[in-house]
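Some notes on the structure that comes next.
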Amino acid sequence: MKIRLPLLALALATSSPLVHAQVLQPGLWELTTSNMQVDGKPLPDMQFMLGQLKNLPPEQRAMMEGVLAKQGVTVGGNGVRSCLTPEQVATNDIPLQDPKSGCTQKITDRTGNVWKFQFSCPKAQGTGQATFLSDREFTTQVSGT
């Protein structure tokens, strides 16, 4: 499985170790995806997935949005939005993944603006690389199974 995600993209890559030395700025972030692939096959982009959310019955949509809101994430624009406070950035407490997910990650190398990491989740594991383009944008490439 190979996934390519730009911007704040994947929670796996945006969890606590990646923001050491305040690489990211606090504020409202929008997570977008593009060019996502699994086993070489393209996945729907964020716009398609957001469209599917809008097509849910009102009760299901409210439930999904409630789950996201509890994590500080809202749906809007071209992706999902999350506000990072100065305290969260300073303490590496980035609420972009569900603490109950069972996922862990570890930075394996930091060289300049490129950070490599490993992750493990109950149903997936793999490696990734985040390239920081600025303190407001980065791309992430993730490979996993």
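Numbering-wise, the sequence shown is residues -21 to -1, 1 to 124 according to mature numbering (1 follows the signal peptide of the UniProt record, and there is no 0). Built from N, CA and C at the ideal position, the CB exists for glycine as well. These numbers were taken from a predicted model, which means no experiment stands behind them.
**OP:** For residue 43, I'd like the list of residues in its chain whose CB is within less than 8 Å of its CB, leaving aside the five on either flank, ordered along the chain.
**Re:** 32, 35
Subject >> Residues near residue 126 by beta carbon distance below 6 Å, same chain, minus five either side >> reply: Residue 126 lies beyond the stretch modelled for the chain, which goes from -21 to 124, so this question has no answer here.
Original post:
Can the beta-carbon of residue 106 be found less than 7 Å from the beta-carbon of residue 97?
Top reply: yes
**OP:** Compute the Euclidean distance between the alpha carbons of residue 123 and residue 11, then round it to the nearest angstrom.
**Re:** 19 Å
**OP:** Could you tell me if residue 61 is buried or exposed, where buried requires 16 or more neighbouring beta carbons within 10 angstroms of its beta carbon?
**Re:** buried
Original post:
Can you round the beta-carbon distance between residue 7 and residue 114 to whole angstroms, since I take them to be within the 8 Å contact cut?
Top reply: With 8 Å as the limit, residue 7 and residue 114 do not qualify as a contact, their Cβ atoms being about 14 Å apart.
**OP:** May I have the straight-line CA-CA distance separating residue 95 from residue 110, to the nearest angstrom?
**Re:** 9 Å
**OP:** Hey, could you find the ends of the beta strand (DSSP E) residue 95 is sitting in?
**Re:** 93 to 100
Original post:
Which residues does DSSP pair with residue 117 in a beta bridge?
Top reply: 111
Original post:
Hey, would you say residue 108 sits closer than 7 Å to residue 120, going by beta carbons?
Top reply: yes
Original post:
Under the rule that 16 or more other beta-carbon atoms within 10 Å means buried, what is residue 112, buried or exposed?
Top reply: exposed
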